[in-house]
Amino acid sequence: MRLTRLRAWNFKSFRELDIRLDPLNVVIGANASGKSNFVQLFAFIRDIAESGLENAISIQGGAQYLRNMSCEPDDKLAFELSIEAEVAETPLGRPSRLIRQTYRFSLAVTSGRRVSVAEDQLLVRLDSTFTIKRVGDRYEIEGDSNAFTETLVSSLNSHRRSDAPQPLLIEEAILRSMPPLDGLKLIGVYDIDPKGPKGGVFLGAKTDLESNAENLAIALDKILSDSEHRRKLLNLLKDVLPFAAELETQQMQDSSFFFQMREKFSQALLPAAFLSDGTIDVVALIVILYFERKSLVVMEGPERNLHPSLISRVVEMLKDASRLKQIIVTTHNPEVVRYADPGQLILISRDASGSSHASRPADKAQVQRFLREEIGIQELYVENLLEA
């Protein structure tokens, strides 16, 4: 799955958001510009697909913290996702290279807290083009209709319960299991805290990496148990940290798990508690980029705690991993901006009214002129000229 375009209205600091998404996207902007709200939008979509709308709203703190503060009472929260995925075979059994969908839904908020679905529709472009649309409390098909689409809508309507709120389409099990909507459950949102992995993790934790990487030892134990994955992990680690020689995990008597690293200068294994924050960050970053089974990875500040000499290699890793999964990272670091391609940058800024906006600086004529004059993109960023 790949998100090709994201639109949102009245979400947190964004009154209106409309941005193209590429395989690799580097999000920049001043403090309090809205970068974290941009990240939270992906977490919100993931949480709906994974846990349902009600839980997703609760995770965000409630509807009152979802809507833009300047909203009028009748203003709706609205979202539009353009998604595509390669499929080997269509539901009708005919081969197809690409399936495209546009999913749009809006939420009405009353009394600041109560939420109801105002719009819910899915446009599908496959062997034919059709839209599944909510009309009242039922779904209908608009456009091309065939046996598959009629069966699909019949199944959706048959599962409707009159005594319960009707779920959004991306909550429906039959659609959640079909590409590309199935990829929305596989959005990973990460903000690595190197202090967490240093303390170890108890048995029973998930093998999928937590958002802060606190269960890194468990994730590593699974990777290191496979000889090919172990070889790949160590090669990637040595490419960024040449002093690294070996990684191991260890289970303690209290059922906690730690990981350890051996440097090439010594035969002793250093427990994670004695490794630098930067080393922990690099290990977690490699796990996220190359071993986590996610279709879209969103990370805040992956270069934090790293020496400037490592930044170019980290950006190369981001570019390499983006061939297999879509990646969005936020940063304040001009070195990341320097090594990223100008077209990969997304600038988040706020206007005089306090609303956040997202744009592609490389699409702006004046920025293109600066680049033609061989002014580095990182210089424009540092001098705050990308908003020109």
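Letter by letter, the sequence shown follows residues 128 to 515 of our numbering.
Glycine included, C-beta positions come from ideal geometry on N, C-alpha and C.
Coarse secondary structure for Gly405, derived from DSSP in three states: helix
Run of the alpha helix (DSSP H) containing Lys365, from where it starts to where it stops: 354–367
For Ser438, the three-state DSSP class (helix, strand or coil): The sequence shown places Ile at residue 438, not Ser. Residue state, collapsed to three classes: helix.
Beta-carbon gap between Asp408 and Ile350 smaller than 8 Å: no
Gly315 - containing beta strand (DSSP E), residue span: 314–317
Between the CA atoms of Arg265 and Val414 - distance to the nearest angstrom: 43 Å
Inter-residue spacing [alpha-carbon to alpha-carbon] between Glu355 and Asn362: 11 Å
Of the residues Leu144, Thr376, Asn164, Thr131, the one placed nearest Glu211, counting alpha carbons only: If we check each option's Cα against that of Glu211, Thr131 comes out closest.
Buried versus exposed call for Phe418 [16 or more other C-beta atoms within 10 Å across all chains shown]: buried
Given 8 Å, three or more beta-carbon pairs between the segment 450–458 and the segment 483–500: no
Rounded C-alpha distance that separates Lys325 from Asn432: Lys325 and Asn432: Cα-Cα distance of roughly 15 Å.
First and last residue of the uninterrupted alpha helix (DSSP H) at Glu246: Looking at the DSSP string, Glu246 is not in any alpha helix (DSSP H); the run it does join, the beta strand (DSSP E), is 241–252.
Cβ neighbour criterion (16 or more within 10 Å) applied to Leu397: exposed
Val424 - partner residues in DSSP beta bridges: Gly315, Ile454
Cβ-based burial, Glu299 [other Cβ within 10 Å; buried from 16]: buried
Thr376 beta carbon less than 8 Å from that of Phe385: yes
For Val367 and Ala411, the rounded distance between their alpha carbons: Distance from the CA atom of Ala411 to the CA atom of Val367, rounded to whole angstroms, is 13 Å.
The segment 505–514 contacting the segment 185–196, beta-carbon criterion three pairs below 8 Å: no
Contact check, Ser209 vs Thr237, beta carbons under 8 Å: no
Own chain residues within Cβ distance below 7 Å of Arg303, not counting five before or after: Ala176, Ile297, Asp309, Lys312
Any 3 or more C-beta pairs closer than 8 Å across the segment 270–283 and the segment 249–258: yes
Reduced DSSP category for Asp149 - H, G, I as helix; E, B as strand; rest coil: coil
Cα-Cα separation between Asp335 and Asp174, rounded to whole angstroms: In a straight line, the C-alpha of Asp335 is about 16 Å away from that of Asp174.
Beta-carbon spacing of Phe257, Asp247 below 8 Å: no
Neighbourhood of Lys446 by C-beta distance below 7 Å, restricted to the same chain and skipping five residues each side: Excluding sequence neighbours, Lys446 sits near Leu151.
Contained alpha helix (DSSP H) runs [length at least 4] in the segment 152–216, N- to C-terminal order: 162–178, 180–186
Option nearest Ser476 by Cα separation, candidates Arg134, Ala467, His434, Phe141: With distances taken between Cα atoms, Ser476 lies closest to Phe141.
Buried versus exposed call for Met426 [16 or more other C-beta atoms within 10 Å across all chains shown]: Only buried fits Met426, as 16 or more other CB atoms lie within 10 angstroms of its CB.
Residue range of the beta strand (DSSP E) that includes Asn137: 129–138
Enclosing alpha helix (DSSP H) for Pro324 [first to last residue]: 322–325 is the extent of the alpha helix (DSSP H) around Pro324.
Proximity of Val153 and Ala448 at Cβ, strictly below 8 Å: no
Bounding residues of the beta strand (DSSP E) (the contiguous stretch that carries Ile259): 256–262
For Glu500, the three-state DSSP class (helix, strand or coil): coil
Closest Cα partner of Arg420 within the set Gly315, Phe497, Ser482: Gly315
Beta-carbon proximity of Ile259 to Val280, cut-off 8 Å: At a Cβ-Cβ threshold of 8 Å, Ile259 and Val280 count as neighbours.
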